[in-house]
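Asks: Residue numbers (the working numbering), protein chains in the order written: chain E, 1 to 424; chain L, 425 to 848.
Each residue gets a CB set at the ideal place from its N, CA and C atoms; glycine is no exception.
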C-alpha cells in the first residue's frame, strides 16, 4: 500500500502513533527529495506538539541512521566508547577526555561538530592548534583508532544525512526545541558513529540549550532510551551550565586550559567533570577498575593527546595563537562572586569572534573570555574579574554590552551542583 | 524593525498572540513569495494547535483581504447582501435564493466556487444550463448587479489571493481542519466581495465539513465575529446535513429542482431553507417587512432568475441535459426511512461523475443521485428509493459501493432539525 505524506502529517497532528512504515517512508522520501519541505515542516511542528512514543522515536532514529551509513567498529581490538555534550560555554571536556579514556584502555571514536551561536564547537577549538585538520578519510580514521586509540574529527556526509537536512529545516521553521527531535538528532549521529557505549553530558542552565532541570532530565531519559533501543549502552549526566565550565571560553583559550588539565592541573570543575565522565565511559567499556585520575597525573593522557594531535597534522608543541587585544573587566563591587551568567559570557565570547552566527562564518582562534575568579571567590571592587580577548577592538563594546548584568556579587543565586543528576 | 518569520512561528508555537505587524508581514511576504512554503506550513500547524485570538483573527483576515482588492459596491442603488454555505450534499439553495432576494429588493453579489470532493459547487451546477458562463468582467458584473440585482459568478484572481495560496498549502500539509483558518478563508473572500450583509449557512452532519454541532457552532461564532470586526453585518444558521438537502444531488438535477422551487413547488426542506435564508438576508438589508415566500409563489423570483441566467449567456428556456443511464436502487426493506447518509450519497454522486477529485478535473452535468423518498416516509421493500444518473455505466458499481449501509429503515437515527441553531 502506498503512503501519502499528508496522511502521516494528519495522523501525528491527531496524536496517533505513526507506524514503522509511515516513519520509514517520511524519512526516506524526505532524504531523497521526494516529499516537499512544507510537508515535513508541518510534520515536525505536529511532532513538536504531540511528541513521539518510545517505539516511534526509536524507529524515527533508526530511519535517520539508515539514511546514511552506520560505522562498523567491531574489528577494533578494544572496547569503543564515546561522549557527547549537548553544548555549553567553556565546555572543552572532550579535549582532555578523549585521550584520557584512550590512555586507560578504551577506544574513543568521536565525530564532532562546529559551534553555532553562543556555544563553542570542539572542532573549532582543535583548529586553534597550528596544522591540525578536522577532515579524515575513513582509512585515516580507522588507522588512528587502531594506533592512537582516540580520534576527534569531522563527520562525513554519509553520517545520518537525513538529520542534516531535517536540522536545516527545523532551524528555519521554529521546530528546534522539541525533545524527541533533539534526542533523535543527537542519537542518530552518535549511534551511526558505531561506538558500543555512549556517555551523554546534558548541560543545564542559562548557557545550555536546556535551561531547566526537568526538561534536561527528560531529554537525558529520552536519549538513554533511544540508545538502549539501538543496542548502545548509554548513560547520561546532567551537569551545571548556569556559569561557564572552567575559566576559559574561546577556542585557543580552551585548548590551553585543556593542556593544563592534561598536565595534571587546571580548574577543579573541569578536572572533576573530565574524570567523572571518564569513569562512566570506562565502566561502559568494562574497565571500571581503571582509575582515570592517575592517567592525568602520570602524563599518559598527555602522551595520547600529543599522538592524537600529531596524527591529524597538528603540532602539539607549537605555541597557541594569542589575541592582539585584551581588555580587563573589573569587579563591580567587593564581596562573594555569586553569579557569572553562562549565557552572557557565551554571547560575549561569540561577539568577540569565538563563535559564528551562520554555519559558513569563520571563527577567530584567539577570541574569547578568560575568568580571573570563580563562583564562590571573594573579590574586591576594581580587581580584574574577566579578560576579553580579541583581534578586533571594534568588537569590545558589543561584548561588554552582553555582559551587562552578568556578574553578581553577594547575590541570591544558588549555583547548581556540578553534577545535577545521573540517568541510565 | 524588521520581522523574521521564524520569530513569528515561534511566537505562535508558544501560544503568544501575534502582533498586527507580524500578521501583516507573514501574509504579505507569503503572498509575494518572500517567505518559504515550509515556514508558512509550520506557522499554519502552530495555528492549528494554538488557535487565534479574536483580534489576531480579525487582522489575519484583513491581511488576506488586503492581499487583493476589496470591491466597493457602495454606488449600487440598493442594499447589498450575500449568503455563503459551508457546503453540503444537494445544497442548491443559492440558485433560487439569489434571484428571490433580488426580487424582494436587495442586491445579491455572489462570487462563488466550484465543487471539490463529495460536495457540489454552485458554478458547476449553473454550468449545466446551456450557454451559461461563470466568468464575468468587472464591468459586466457591476452592470448585472445594477440591472438584474443578482449575480452568481466566478471570483477573479484579485479576490484574496493570499487565501488561494494558503488553501493550496493547507491542503497538502494537514492544516485544513483548523477553525480559525477555515473561518478566515471563507470570510476573507466574502468580505472582499463587498456586500454589506452576510448570512452564513453552516452545515452540520456527515455530509458537511463539520460533523458535529459543537464544532459547527464554534465555526459559526468565529465567522460572525470576523464579519462584525470587518464591519459586515453577519448572521449564521446551523442547518442539517445528516441527509441530503432536497431530493436532487448533481448538477443539472439540482438546477431542475431549483426551478421547481422558483415555480412555487419543490421539496419542503429546500423551500423552507430558501425562505428562511431569504428572511435573514432581507433583515440585514433593512427589508424585514418584505415576505420572500410571496415572491416565490407569484413568479417574481423566477423572473429575476431568467434575467440572471440570460445576462450570463444562459438560455433559461433550454432543456437541461439528462443522463444516458439511470439505475434504480430499491428499498432494502419495508418500514420508515429513518436514515439516508448525506456523505454516502455525496460520494455516490461524485463517483457517478458529478464531482471532482482535483481542481482541474471536468464534471458531468447530468450525473447524480435522485431521491425517490425522503426521511420519515413509509417505504415498501423493492420500491424505487434512489435513482443513479450517469452517462458512464462503468461508474455505477463504485457508486453502489458508496451507498453500502447508507440507507436505514426503522433504524435508531434521530434526524437533525432542519435549522439546528442561529448565531448572530
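(1) Where does residue 200 of chain E land, buried or exposed, given buried means 16+ other C-beta within 10 angstroms?
(2) Could you check where the alpha helix (DSSP H) with residue 542 of chain L kicks off and where it finishes?
(3) If you pair each beta-carbon of the region 746 to 758 of chain L with each one of the region 799 to 814 of chain L, do three or more pairs fall below 8 Å?
(4) Does the beta carbon of residue 22 of chain E come closer than 8 Å to any beta carbon on chain L?
(5) Buried or exposed for residue 484 of chain L, please, with buried defined as at least 16 other CB atoms from any protein chain shown within 10 angstroms of its CB.
(6) How about residue 520 of chain L: is its Cβ closer than 7 Å to a heavy atom in the ligand ADP?
(7) Along the chain, where does the alpha helix (DSSP H) that runs through residue 474 of chain L open and close?
(8) Rounded to whole angstroms, what's the CA-CA distance from residue 451 of chain L to residue 488 of chain L? Just pull it up for me.
(9) Going by C-alpha to C-alpha distance, which of E:219, E:255, E:252 and E:248 sits closest to residue 238 of chain E?
(10) Leaving out five residues on either side along the sequence, give the residues of the same chain with a beta carbon under 8 Å from the beta carbon of residue 251 of chain E.
(11) Are residue 620 of chain L and residue 454 of chain L close, meaning C-beta to C-beta below 8 Å?
(12) Mapping DSSP to helix, strand and coil, what is residue 436 of chain L?
(13) For residue 83 of chain E, write down the residues that DSSP places opposite it in a beta bridge.
(14) Curious, which full-length alpha helix (DSSP H) runs of at least 4 residues does the region 613 to 685 of chain L contain?
(15) Do residue 729 of chain L and residue 740 of chain L have their CB atoms nearer than 8 Å?
(16) Starting from residue 48 of chain E, find everything on chain L with Cβ-Cβ shorter than 7 Å and list it in chain order.
(17) Strictly below 7 Å CB to CB, what residues from chain L border residue 169 of chain E?
(18) Could you give the DSSP three-state label for residue 450 of chain L: helix, strand or coil?
(19) In this structure, does DSSP put residue 553 of chain L in helix, strand or coil?
(20) Can you confirm whether residue 182 of chain E, when its beta carbon is compared against all beta carbons of chain L, has any partner nearer than 8 Å?
(21) Does DSSP classify residue 394 of chain E as helix, strand or coil?
(22) Report the residue from E:165, E:87 and E:300 whose alpha carbon sits nearest the alpha carbon of residue 32 of chain E.
(23) Who are the neighbours of residue 339 of chain E on chain L, taking C-beta pairs under 9 Å?
(24) Check for me: the alpha helix (DSSP H) holding residue 490 of chain L runs from which residue to which?
(25) Tell me the rounded alpha-carbon separation between residue 776 of chain L and residue 634 of chain L.
(26) Using the beta-carbon of each residue, which ones in chain L are nearer than 9 Å to residue 172 of chain E?
(27) Does the Cβ of residue 477 of chain L have 16 or more other Cβ atoms within 10 Å, making it buried, or fewer, making it exposed?
(28) Is the CB of residue 599 of chain L under 8 Å away from at least one CB in chain E?
(29) Give a yes or no on whether 8 Å exceeds the smallest Cβ distance from residue 469 of chain L to chain B.
(30) Can you give me the start and stop residues for the alpha helix (DSSP H) that residue 294 of chain E sits inside?
(31) Please go through the same chain and pick out, in chain order, the residues whose beta-carbon is closer than 7 Å to the beta-carbon of residue 584 of chain L, but skip the five residues on each side of it.
(32) Which runs of the alpha helix (DSSP H), 4 residues or longer, sit entirely within the region 745 to 787 of chain L?
(33) Quick one: any contact between the region 498 to 509 of chain L and the region 712 to 719 of chain L, if contact means 3 or more CB pairs under 8 Å?
(34) Looking at residue 282 of chain E: is its Cβ nearer than 8 Å to the Cβ of residue 419 of chain E?
(35) Which value, in whole angstroms, describes the spacing of the CA atoms of residue 131 of chain E and residue 325 of chain E?
Replies: According to the structure shown:
(1) buried
(2) Unbroken run through residue 542 of chain L: none, as it is neither H nor E.
(3) yes
(4) no
(5) By the 10 Å Cβ count, residue 484 of chain L comes out buried.
(6) Among the components of this structure there are no ligands whatsoever, and the ligand ADP is therefore not found.
(7) Looking at the DSSP string, the run of the alpha helix (DSSP H) that includes residue 474 of chain L is 461 to 474.
(8) 7 Å
(9) E:219
(10) 120, 124, 125, 127, 128, 354, 363, 364, 365, 366, 367 and 368
(11) no
(12) helix
(13) E:199
(14) Whole alpha helix (DSSP H) segments, 4+ residues: 637 to 653.
(15) yes
(16) 437
(17) By Cβ distance, chain L contributes 462.
(18) Shown here, residue 450 of chain L sits in a helix according to DSSP, grouped into three states.
(19) coil
(20) no
(21) Helix.
(22) E:165
(23) In chain order: nothing, as chain L lies at least about 27 Å away.
(24) 478 to 490
(25) 24 Å
(26) 429, 430, 433, 460, 462, 463 and 466
(27) Exposed is the call here.
(28) yes
(29) Going by chain labels, chain B is absent from the structure shown, which instead holds the protein chains E and L.
(30) Note, residue 294 of chain E: alpha helix (DSSP H), 292 to 297.
(31) Closer than 7 Å at Cβ, skipping near neighbours: 488, 489, 491, 492, 612, 613 and 616.
(32) 766 to 773
(33) no
(34) no
(35) Roughly 24 Å between the two C-alpha positions.
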